[in-house]
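Q: Take a look at this one; I'll ask things after.
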Amino acid sequence: MFGKKGIILIVLLIIGFEGFKYSNNEEIVFKKPQNILADLSTMKKFISNEIKETFDHKLQFFSQAPTGDWSLPYQEACEESSIILAMNYILNRTMTLDEFHEELLKIVNFEKENFGYYEDTSVSKTNEIINTFYNYKNTEIVSNANINTIKKILNNEGIVIVPLAGRNIGNPYYNPPGPYYHMLVIKGYDEQNFITHDVGTKKGENFKYRYDVLIDNIHDFNPQFIERGENRIIAVYK
């Protein structure tokens, strides 16, 4: 029979073996650090909680009809144009009119090849274009956006691409009755208004909309009733 020393030795060997198995279990050892890194990556988007009284990013403006031709595909190119303006800011690019025009058509062709259509792209599809066409992943789809949500994004080196019920926002430069579904870029704000680049008109540079007008009309694409579309926006961060 084993003595006390023998029993103790066997117990220690069993504990040591189990400890060895635990240390070599990759799922246990590596799963939590991966989750922690993901959380830190998300937190990086909001470096500061400060919201300045006024704010305005500087970025180029082009309308969705860069040559003045409002036939297809240009009359349906608000999403593509908004993406390019946002990415010019993100990538610190400036463009000629011809370069903008060429890139717009490249995105339209990308959509046709990958989605089968280019008209009325939803928030998720528009975000996918940024992630895939530009291979740029530092974006976020935000639901139930309010005034402070948008201000916080802008104050953290972000640009906002916002989908809207275009006939409800009162831009006098739209061709009546205005776009059923529209996207534009929010680049800043003052005491009462959001400052936008509204690609839906050649007079859309630094166009101002009252806070409530934009917030009340944020709607993701809904083919039956645009007013039933969800409140979702795209934040694109540097």
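If you use our numbering, the sequence shown corresponds to residues 3 to 240, in order. Glycine included, each C-beta is placed from N, C-alpha and C at the ideal position.
(1) Check whether the Cβ atoms of I152 and S126 lie closer than 8 Å to each other.
(2) On the three-state DSSP scale, how would you describe Q36?
(3) Would you say I131 and V238 are within 8 Å of each other, going by their C-beta atoms?
(4) Give me the residue from N208, R234, P225, E207 with the minimum Cα distance to D218.
(5) Just checking my contact of F57 with N157 at CB under 8 Å: how many whole Å lie between their CB atoms?
(6) Report all residues from its chain with a CB closer than 6 Å to the CB of G123; omit the five preceding and five following residues, and keep chain order.
(7) Using only CA atoms, which one of I228, E115, H221 lies nearest to S145?
(8) Classify K189: buried if its beta carbon has 16 or more other beta carbons within 10 angstroms, exposed otherwise.
(9) With the cut-off set at 8 Å, would you say L106 and H199 are in Cβ contact?
(10) Pull up the DSSP beta-bridge partners for N185, would you.
(11) Can you name, in chain order, every residue of its own chain whose Cβ lies under 6 Å from the Cβ of L99, other than the five neighbours on each side?
(12) Which value, in whole angstroms, describes the spacing of the CA atoms of N129 and S83?
(13) Report the option in N133, G118, N208 whose CA atom is closest to the CA atom of F64.
(14) E55 lies in the beta strand (DSSP E); which residues open and close that run?
(15) From E232 to H103, what distance separates their C-alpha atoms?
(16) Suppose the cutoff is 7 Å on Cβ atoms and the five residues either side in sequence are ignored; what does the same chain contact list for P75 look like?
(17) Could you give the DSSP three-state label for A67: helix, strand or coil?
A: So, from the listed chains and residues:
(1) no
(2) Residue placement at Q36 is poorly supported in this model, since its pLDDT is 30, which falls under 50; the coordinates are not used for a value here.
(3) no
(4) R234
(5) 6 Å
(6) The residue you asked about is not Gly; residue 123 is Thr in the sequence shown. For T123, where only same-chain residues beyond five positions count, the Cβ hits under 6 Å are E81.
(7) H221
(8) buried
(9) no
(10) It is worth fixing the name first, because residue 185 is Met in this sequence and not Asn. Answer is P165.
(11) P68
(12) 13 Å
(13) N208
(14) Counting along the chain, E55 falls outside any beta strand (DSSP E), and DSSP gives it neither H nor E.
(15) 30 Å
(16) V110, Y120
(17) coil
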